[in-house]
Amino acid sequence: MKGSLFLPFLISVAVGLLLAVVVASAGWAVSALFIAIASVCVALLWTRWIRRDARVLEDAISQIGVGKERLSEEGSNPSFRNFKDLSHAIKQASDRVDRSLTDAAESRQELEAMIDSMQDAVIAVDAAGRIQWTNQRMQKLIPGMSFSNAVRVGHALVQTIRDPDVLDCMRVALEQRVVSERRSTSLLPGKIFEIAASPMPGGGAVAVLHDITRIEQVERTQRDFVANVSHELRTPLTSITGYVETLLDHEQELSPQAREFLTTIHKNATRMNRLTEDLLVMARVESSEQELHPVSLRADMLVRDAVQAMSGMVQDEEAVLEIGETVPDEVMADQDAAVQVLSNLIENAIKYGRHPTKGRSRVIVSAHSQENFVEFRVQDFGPGIASEHLQRIFERFYRVDKARSRESGGTGLGLAIARHVIEGQGGAIRVDSELNVGSTFIFTLPRVLSRAD
Numbered sequence: 003m004k005g006s007l008f009l010p011f012l013i014s015v016a017v018g019l020l021l022a023v024v025v026a027s028a029g030w031a032v033s034a035l036f037i038a039i040a041s042v043c044v045a046l047l048w049t050r051w052i053r054r055d056a057r058v059l060e061d062a063i064s065q066i067g068v069g070k071e072r073l074s075e076e077g078s079n080p081s082f083r084n085f086k087d088l089s090h091a092i093k094q095a096s097d098r099v100d101r102s103l104t105d106a107a108e109s110r111q112e113l114e115a116m117i118d119s120m121q122d123a124v125i126a127v128d129a130a131g132r133i134q135w136t137n138q139r140m141q142k143l144i145p146g147m148s149f150s151n152a153v154r155v156g157h158a159l160v161q162t163i164r165d166p167d168v169l170d171c172m173r174v175a176l177e178q179r180v181v182s183e184r185r186s187t188s189l190l191p192g193k194i195f196e197i198a199a200s201p202m203p204g205g206g207a208v209a210v211l212h213d214i215t216r217i218e219q220v221e222r223t224q225r226d227f228v229a230n231v232s233h234e235l236r237t238p239l240t241s242i243t244g245y246v247e248t249l250l251d252h253e254q255e256l257s258p259q260a261r262e263f264l265t266t267i268h269k270n271a272t273r274m275n276r277l278t279e280d281l282l283v284m285a286r287v288e289s290s291e292q293e294l295h296p297v298s299l300r301a302d303m304l305v306r307d308a309v310q311a312m313s314g315m316v317q318d319e320e321a322v323l324e325i326g327e328t329v330p331d332e333v334m335a336d337q338d339a340a341v342q343v344l345s346n347l348i349e350n351a352i353k354y355g356r357h358p359t360k361g362r363s364r365v366i367v368s369a370h371s372q373e374n375f376v377e378f379r380v381q382d383f384g385p386g387i388a389s390e391h392l393q394r395i396f397e398r399f400y401r402v403d404k405a406r407s408r409e410s411g412g413t414g415l416g417l418a419i420a421r422h423v424i425e426g427q428g429g430a431i432r433v434d435s436e437l438n439v440g441s442t443f444i445f446t447l448p449r450v451l452s453r454a455d
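Encoded structure:
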């Protein structure tokens, strides 16, 4: 811009000199000299005005977006019309930028106030792992830790927080993965936090730490209560079952009515025994007291063992139990737990998978190889399960048909136990079902990869 300001000066001088030459050629030397000097003076004055207005506008433009000041009064009223239009446009742009900066500052203050008012601890780092900001809850979480200084200096997270669980979650989030886990951290002794970390747009990650110590204590109390009650019920139920079975062994001495009463007592005592056993297993699984010992097992052998274990029920129910396609791939699993899950799914398929017209159940058990897993399937051809039940079917005590489940002696805990056992071994479980077509329960177990894989 500065170089272009000499153009008006050169034009003015050139016009003045041309006029002076014309006058001089007419014989008026003094007049020509006066005209030349006047032209130079006018050009200098004109250039000075232009340079002044241009400098003011240039300064104003450089301040846009910085938020230091608005366009000055001098810059708002330049001497020349072209600059006035430019000045007006610059002033409008400056006002819009100022409003945007003000709105952004207010939004940031509102966001910071909201984050500071959270009961959860929040911390954010940049792509290099340097702390960018924290809320007050995070700063109070670790007494004596100067987060304000850490943010100001840009300390690395590993220099400020030594807890390996928090650092591990942030590392995963910085790799553009979302993580949410319950962990007993060393931030505060005896405290359990649910840590949720996720990547931020443009790099970096943010973590939220939610204190779930109280929730864990309540859940532990509930599990202990269920376990204690179940233990207390086992002894009298075992006695009742034993006495009833002894009496039924002499049924020829019993009247038909007494035999009916004893049969009912035995049926309900057996059901109560199953319920207490399932409650104990559920309590152990949820509290991680039930130790699983994964070993390398062949998938086809697991299917065979489960089918053999259910042979008695198949005969009693006059069901058809088939082994479909099975692979000899090896999986990592606890043998007893895996066979129990398969047996439980087969039992459910026999009980609730009766064909609507044929009146008996047909169940197919198979195992299929996937990339890193072996997929086990238990398929029936019964009435199927409505879609509204599929999301909750693995919850504790949830029954699709409550009356039918009670009649068949179901406790409502089998699928919940199966889910915990499978997930505890690194697998997953789900169900596919269609009304009047049948249901297929599917679970996966990690496959043992061979050298060829």
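Counting from 1 along the sequence shown, just add 2 to a position and that's the residue number in this note's numbering.
Glycine included, every Cβ here is placed at the ideal spot set by N, Cα and C.
The structure presented is a predicted model; accordingly, all values stated were derived computationally and were not measured.
Taking 8 Å as the threshold, find out whether the segment 381 to 399 comes into contact with the segment 347 to 355 through three or more Cβ pairs.
Result yes; three or more Cβ-Cβ pairs closer than 8 Å.
Tell whether a beta-carbon distance below 8 Å holds between GLN372 and THR446.
As a position in the sequence shown, residue 372 is number 370, starting the count at 1. As a position in the sequence shown, residue 446 is number 444, starting the count at 1. Contact flag set, yes.
Hey, how far is the Cα of VAL210 from the Cα of GLY426?
Working through the sequence shown from its first residue, we reach residue 210 at position 208. Working through the sequence shown from its first residue, we reach residue 426 at position 424. Put simply, the backbone Cα of VAL210 is about 25 Å away from that of GLY426.
Can you tell which of LEU264, PHE443, LEU417 and ASN438 has its C-alpha closest to the C-alpha of ARG432?
Position 430 of the sequence shown, counted from the start, is the residue given in the question as residue 432. If we check each option's Cα against that of ARG432, PHE443 comes out closest.
Are SER368 and GLY416 closer than 8 Å when you measure CB to CB?
As a working mapping, residue 368 is identified with position 366 in the sequence shown. As a working mapping, residue 416 is identified with position 414 in the sequence shown. Taking 8 Å as the Cβ cut-off, SER368 and GLY416 do not qualify as a contacting pair.
So the alpha helix (DSSP H) ILE214 belongs to, where does it begin and stop?
For the purposes of this step, residue 214 is taken as residue 212 along the sequence shown, with counting starting at 1. First-last for ILE214: undefined, no H or E at that position.
Nearest-angstrom Cα separation, counted from ALA229 out to ARG222
Against the sequence shown, residue 222 aligns to sequence position 220. Against the sequence shown, residue 229 aligns to sequence position 227. ARG222 and ALA229: Cα-Cα distance of roughly 10 Å.
Going by alpha carbons, who is nearest to VAL181 out of PRO203, PRO191 and ASP170?
Translated into positions along the sequence shown, residue 181 becomes position 179. With respect to the C-alpha of VAL181, the residue from PRO203, PRO191 and ASP170 having the closest C-alpha is ASP170.
If TRP135 sits next to ALA126, beta carbons under 8 Å apart, how far is it from one beta carbon to the other, in whole angstroms?
Within the sequence shown, residue 135 is the residue found at index 133, counting from 1. Within the sequence shown, residue 126 is the residue found at index 124, counting from 1. The beta-carbon distance between TRP135 and ALA126, rounded to whole angstroms, is 5 Å. This is short enough to meet the 8 Å contact definition.
Boundaries (first-last residue) of the beta strand (DSSP E) holding THR136
On the sequence shown, position 134 is the one that residue 136 refers to. Residues 133 to 136.
What residue range does the alpha helix (DSSP H) around ASP307 cover?
For the purposes of this step, residue 307 is taken as the residue at position 305 of the sequence shown. Start and end: 301 to 311.
Should ARG139 and MET120 be called a contact, given that it needs their Cβ atoms to be closer than 8 Å?
Translated into positions along the sequence shown, residue 139 becomes position 137. Translated into positions along the sequence shown, residue 120 becomes position 118. Going by C-beta atoms, ARG139 is nearer than 8 Å to MET120.
C-alpha distance - ILE419 paired with GLU112, whole-angstrom precision
As a working mapping, residue 419 is identified with position 417 in the sequence shown. As a working mapping, residue 112 is identified with position 110 in the sequence shown. Their Cα atoms are separated by approximately 46 Å.
With burial defined as no fewer than 16 other Cβ atoms inside 10 Å of the residue's Cβ, what is the status of GLY204: buried or exposed?
On the sequence shown, position 202 is the one that residue 204 refers to. Residue environment: GLY204 is assigned as exposed (fewer than 16 neighbouring CB atoms within 10 Å of its CB, all protein chains considered).
Where does ASP118 fall in DSSP's three states?
Position 116 of the sequence shown holds residue 118. In this structure, ASP118 counts as helix in the three-state DSSP scheme.
How far does the alpha helix (DSSP H) with PHE263 in it extend, from its first residue to its last?
As a first step, residue 263 must be located in the sequence shown, where it is residue number 261. Boundaries of the alpha helix (DSSP H) harbouring PHE263: 258 to 288, taken from the DSSP string.
Would you be able to state if there are at least three C-beta pairs under 8 Å between the segment 309 to 317 and the segment 275 to 291?
Judged by pairs of C-beta atoms under 8 Å, the segment 275 to 291 does not touch the segment 309 to 317, as fewer than three such pairs exist.
Assign PHE399 to one of two classes, buried (16 or more other C-beta atoms within 10 Å of its C-beta) or exposed (fewer than that).
Counting from one through the sequence shown, the residue named residue 399 turns up at place 397. By the neighbour-count rule (16 or more Cβ atoms within 10 Å), PHE399 is not buried but exposed.
Classify ALA199: buried if its beta carbon has 16 or more other beta carbons within 10 angstroms, exposed otherwise.
Counted from its first residue, the sequence shown places residue 199 at position 197. ALA199 sits buried, since 16 or more C-beta atoms from the chains shown fall within 10 Å of its C-beta.
Reduced DSSP secondary structure (H/G/I, E/B, other) of THR104
As a working note, residue 104 is residue 102 in the sequence shown. Three-state DSSP puts THR104 in a helix.
Could I get the ranges of all uninterrupted beta strand (DSSP E) runs contained in the segment 421 to 452, with 3 residues as the minimum, in chain order?
Entirely contained in the segment 421 to 452, the beta strand (DSSP E) runs reaching 3 residues are, in chain order, 431 to 436 and 440 to 448.
In whole angstroms, what separates the C-alpha of LEU256 from that of GLN219?
On the sequence shown, position 254 is the one that residue 256 refers to. On the sequence shown, position 217 is the one that residue 219 refers to. Each residue's alpha carbon lies about 52 Å from the other.
Out of LEU344, TYR245, ASN374 and ALA388, which has the shortest C-alpha to C-alpha gap to LEU264?
Along the sequence shown, read from residue 1 onward, the residue named residue 264 stands at position 262. Checked all of LEU344, TYR245, ASN374 and ALA388; the closest Cα to LEU264 is TYR245.
Note down the Cα distance separating PRO166 from ASP336, rounded to an integer number of angstroms.
Here the question's residue 166 lines up with position 164 in the sequence shown. Here the question's residue 336 lines up with position 334 in the sequence shown. Taking the straight line from one Cα to the other gives about 29 Å.
In angstroms, rounded to a whole number, what distance separates the CA positions of GLU108 and ARG101?
Against the sequence shown, residue 108 aligns to sequence position 106. Against the sequence shown, residue 101 aligns to sequence position 99. The straight-line gap separating the alpha-carbon atoms of GLU108 and ARG101 is approximately 10 Å.
Does the distance from the C-beta atom of LEU239 to that of THR278 stay below 8 Å?
The sequence position of residue 239 within the sequence shown is 237, counting from 1. The sequence position of residue 278 within the sequence shown is 276, counting from 1. Contact flag set, yes.
Within its chain, find whatever has a CB closer than 7 Å to the CB of THR328; leave out the 5 residues flanking it on each side and keep chain order.
Along the sequence shown, read from residue 1 onward, the residue named residue 328 stands at position 326. Hits under 7 Å: ALA301, ASP302, VAL305, SER368 and ALA369.
SER345 - partner residues in DSSP beta bridges
The residue labelled residue 345 in the question sits at position 343 within the sequence shown. Residue pairing by DSSP places SER345 in no beta bridge whatsoever.
Looking at the structure shown, is GLN372 part of a helix, part of a strand, or coil, going by DSSP?
In the sequence shown, the residue the question calls residue 372 occupies position 370. The answer is coil: DSSP assigns GLN372 none of H, G, I, E or B.
DSSP beta-bridge partners for VAL127?
Walking along the sequence shown from the start, residue 127 turns up at place 125. Its beta-bridge partners are ILE133 and ALA207.
Identity of the residue in ALA106, GLY428 and HIS157 nearest ARG132 by Cα:
Taking the first residue of the sequence shown as position 1, residue 132 is located at position 130. If you compare the alpha carbons of ALA106, GLY428 and HIS157 with that of ARG132, the shortest gap goes to HIS157.
GLU349: buried (16+ other C-beta within 10 angstroms of its C-beta) or exposed?
Position 347 of the sequence shown holds residue 349. So GLU349 counts as buried.
VAL333 versus GLY429 - alpha carbon distance
One-based indexing of the sequence shown puts residue 333 at position 331. One-based indexing of the sequence shown puts residue 429 at position 427. Whole-angstrom Cα-Cα distance: 11 Å.
Which of the three DSSP states is assigned to GLU332 in this structure?
On the sequence shown, residue 332 is found 330 positions in, with the first residue counted as 1. The answer is strand: DSSP assigns GLU332 an E or B state.
Spatial neighbours of ARG179 within its chain, please: CB distance less than 8 Å, with the 5 preceding and 5 following residues excluded, ordered by chain position.
Along the sequence shown, read from residue 1 onward, the residue named residue 179 stands at position 177. Closer than 8 Å at the Cβ level, and outside the excluded window around ARG179, lie PRO201.
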